[in-house]
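Asker: In the numbering used here, the protein residues as written are -1 to 314.
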């Protein structure tokens, strides 16, 4: 009787991927990607220059004297003529206009977030009667340009002021910065709700189920679990709505006919006055005052977006 023993099979050892020399196919892929990378970098550099050069030129012109500006608009300033900013703030009332714009923007952002966040969370997570009709109406609101409904809004507020004339002779709804912030919030609700709604639907339900097992109520689940995870979408909504409110001109001009002008309306008045006086240094100082808050918010929001994108990556 003979017995046979099978020889052990040696394990197959594959070299690490890093030690494998690149084959002809991978070399061709590297060669193909290089021109595309160079072209994309060149396009990004050109786009950046198209944005940065006008902004830097406005900043440079804002600290020039009148003689330096008319001598060579593209030359560097001989010194920093800060008097342009003092004149813009004091003589042209850009300081009060700046505070008015900040007040209106903060009021609008607070109202739109207080209403849009719970509404988007409810539409994304709960089933109730009339939900599809409500979503359809919100979707229809996305296609309405706010500039086209300024006159109906103005006539409606004017009618409400006439109704209150017995009790408030000076009116309440027209020439009121608080009401202007409410109008901004109301007109941006469809966009904000849909932005947050789409993001809430991407968050797994297991987070809410775990919070429910721990005894958390629906409101606490939304506040402590869902809101921190939805911060990237909320930050994006804050950025877009801030730019919309801050740069608005038509609604503010229609609803604020008095002295409480916002920064964009005040900037147009400054533009008309300084064009007649041929003092462009003060005009560009006013433009820098308009730009600075936007740049500061963009830097803050961009950092917040990057932080929350990393934190919000824990999804199923």
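A virtual CB, placed ideally from N, CA and C, is assigned to each residue, including glycine.
CB residue 315 to CB residue 88, shorter than 7 Å?
Answerer: Residue 315 lies beyond the residue range present for the chain, which begins at -1 and ends at 314; the question has no answer from this structure.
Asker: Residue ranges of each alpha helix (DSSP H) run of no fewer than 4 residues wholly in the stretch 205 to 258, ordered along the chain?
Answerer: Runs of alpha helix (DSSP H) with 4 or more residues, each lying fully within the stretch 205 to 258, are found at 216 to 219, 229 to 244 and 248 to 253, listed in chain order.
Asker: Could you check whether residue 206 and residue 219 sit closer than 7 Å to each other, using their CB atoms as the reference points?
Answerer: Along the chain shown, read from residue 1 onward, the residue named residue 219 stands at position 221. Along the chain shown, read from residue 1 onward, the residue named residue 206 stands at position 208. The answer is yes: Cβ separation under 7 Å.
Asker: Starting from the Cα of residue 298, find the closest Cα among 236, 212 and 93 and give me that residue.
Answerer: Your numbering for residue 298 matches position 300 in the chain shown. The shortest Cα separation from residue 298 among 236, 212 and 93 belongs to 236.
Asker: Go ahead and pull the three-state DSSP assignment for residue 267.
Answerer: As a working note, residue 267 is residue 269 in the chain shown. Residue 267: helix per DSSP, three-state reduction.
Asker: Does the pairing of the stretch 286 to 296 with the stretch 122 to 142 give three or more beta-carbon distances under 8 Å?
Answerer: no
Asker: Hey, out of 192, 53 and 261, whose CA is closest to residue 234's CA?
Answerer: In the chain shown, residue 234 corresponds to position 236, counting from 1. Residue 234 has its Cα closest to that of 192, out of 192, 53 and 261.
Asker: Using 8 Å as the cut-off, can you tell me whether the stretch 245 to 255 makes contact with the stretch 178 to 193, which would need three or more C-beta pairs spanning the two stretches below that distance?
Answerer: yes
Asker: In whole angstroms, what is the alpha-carbon distance linking residue 176 and residue 240?
Answerer: The residue labelled residue 176 in the question sits at position 178 within the chain shown. The residue labelled residue 240 in the question sits at position 242 within the chain shown. Their Cα atoms are separated by approximately 16 Å.
Asker: Does the distance from the C-beta atom of residue 258 to that of residue 98 stay below 7 Å?
Answerer: Counted from its first residue, the chain shown places residue 258 at position 260. Counted from its first residue, the chain shown places residue 98 at position 100. Taking 7 Å as the Cβ cut-off, residue 258 and residue 98 qualify as a contacting pair.
Asker: Can you tell me whether DSSP reads residue 90 as helix, strand or coil?
Answerer: The count along the chain shown starts at 1 and reaches residue 90 at position 92. Reduced to three states, the DSSP call for residue 90 is coil.
Asker: Could you spell out the range, first to last residue, of the alpha helix (DSSP H) harbouring residue 191?
Answerer: Sequence index remark: in the chain shown, residue 191 carries index 193 (1-based). First-last of the alpha helix (DSSP H) with residue 191: 175 to 198.
Asker: Looking at the structure shown, is residue 143 part of a helix, part of a strand, or coil, going by DSSP?
Answerer: On the chain shown, residue 143 is found 145 positions in, with the first residue counted as 1. Residue 143 falls in the coil class under three-state DSSP.
Asker: To the nearest angstrom, how far is it from the Cα of residue 190 to the Cα of residue 199?
Answerer: Locating residue 190 in the chain shown gives position 192, where the first residue counts as 1. Locating residue 199 in the chain shown gives position 201, where the first residue counts as 1. The straight-line gap from Cα to Cα measures roughly 14 Å.
Asker: What does the Cβ neighbour count give for residue 128, buried or exposed, with the cut at 16 atoms within 10 Å?
Answerer: One-based indexing of the chain shown puts residue 128 at position 130. By the neighbour-count rule (16 or more Cβ atoms within 10 Å), residue 128 is not buried but exposed.
Asker: Pairs of beta-carbons, one from the stretch 279 to 291 and one from the stretch 46 to 65, closer than 8 Å: are there three or more?
Answerer: yes
Asker: Can you tell me which of the three DSSP states residue 36 falls into?
Answerer: One-based indexing of the chain shown puts residue 36 at position 38. Here residue 36 sits in helix by DSSP.
Asker: Determine the extent of the alpha helix (DSSP H) in which residue 159 is found, giving its start and end residues.
Answerer: Here residue 159 refers to the residue found at position 161 of the chain shown. Segment 148 to 161, the alpha helix (DSSP H) holding residue 159.
Asker: Nearest-angstrom Cα distance between residue 85 and residue 65?
Answerer: Here residue 85 is taken as the residue at index 87 of the chain shown, counted from 1. Here residue 65 is taken as the residue at index 67 of the chain shown, counted from 1. Their Cα atoms are separated by approximately 17 Å.
Asker: Assuming residue 187 contacts residue 253 under a Cβ cut-off of 8 Å, what Cβ separation, rounded to an integer in Å, is found between them?
Answerer: To locate residue 187, count along the chain shown from 1; it is residue 189. To locate residue 253, count along the chain shown from 1; it is residue 255. Between residue 253 and residue 187 the Cβ distance is about 18 Å, and since that is not below 8 Å, they are no contact.
Asker: Could you spell out the range, first to last residue, of the alpha helix (DSSP H) harbouring residue 124?
Answerer: Here the question's residue 124 lines up with position 126 in the chain shown. Unbroken run through residue 124: none, as it is neither H nor E.
Asker: Quick test of your reading: residue 56 and residue 282, contact by CB under 8 Å. State the CB separation rounded to the nearest angstrom.
Answerer: Position 58 of the chain shown, counted from the start, is the residue given in the question as residue 56. Position 284 of the chain shown, counted from the start, is the residue given in the question as residue 282. Contact holds; Cβ gap of about 5 Å.
Asker: Among the residues of its own chain, which have a CB less than 7 Å from the CB of residue 109, if the five just before and after it don't count?
Answerer: As a working mapping, residue 109 is identified with position 111 in the chain shown. If we look at residue 109 and ignore the five residues flanking it on each side, its Cβ neighbours are 179, 180 and 183.
Asker: Could you tell me the alpha carbon to alpha carbon distance between residue 310 and residue 245, rounded to whole angstroms?
Answerer: In the chain shown, the residue the question calls residue 310 occupies position 312. In the chain shown, the residue the question calls residue 245 occupies position 247. Annotation note: pLDDT 49 at residue 310 (below 50); position unreliable, coordinate value reported separately. Using only the alpha carbons, I get a separation of about 30 Å.
Asker: Could you give the DSSP three-state label for residue 111: helix, strand or coil?
Answerer: What you label residue 111 is simply residue 113 of the chain shown in a count that begins at 1. Three-state result, residue 111: helix.
Asker: Under DSSP, the alpha helix (DSSP H) around residue 64 begins and ends at which residues?
Answerer: Indexing the chain shown from 1 puts residue 64 at position 66. Looking at the DSSP string, the run of the alpha helix (DSSP H) that includes residue 64 is 64 to 69.
Asker: May I ask you to report which of helix, strand or coil DSSP gives residue 7?
Answerer: For this step, residue 7 is matched to residue 9 along the chain shown. Note that residue 7 scores 45 on pLDDT, short of 50, meaning its location in the model is unreliable; the coordinates nonetheless yield the value given after this. Reduced to three states, the DSSP call for residue 7 is coil.
Asker: How long is the line joining the alpha carbons of residue 267 and residue 138, rounded to whole angstroms?
Answerer: Your numbering for residue 267 matches position 269 in the chain shown. Your numbering for residue 138 matches position 140 in the chain shown. Using only the alpha carbons, I get a separation of about 36 Å.
Asker: What three-state label does DSSP hand residue 285 in the structure shown?
Answerer: Walking along the chain shown from the start, residue 285 turns up at place 287. Looking at residue 285 - three-state DSSP - the assignment turns out to be helix.
Asker: Between 69, 45 and 37, which lies nearest to residue 278 when the distance is taken from Cα to Cα?
Answerer: By 1-based counting over the chain shown, the position of residue 278 is 280. Of the candidates 69, 45 and 37, the one whose C-alpha sits nearest the C-alpha of residue 278 is 69.
Asker: Let's test the definition: count the other Cβ atoms within 10 Å of the Cβ of residue 67 and tell me whether it reaches 16, buried, or not, exposed.
Answerer: If you number the chain shown from 1, residue 67 lands on position 69. Residue 67 comes out buried.
Asker: Is the beta carbon of residue 261 closer than 7 Å to that of residue 96?
Answerer: Numbered from its first residue, the chain shown carries residue 96 at position 98. Numbered from its first residue, the chain shown carries residue 261 at position 263. Against a cut-off of 7 Å, the Cβ pair of residue 261 and residue 96 comes out as a contact.
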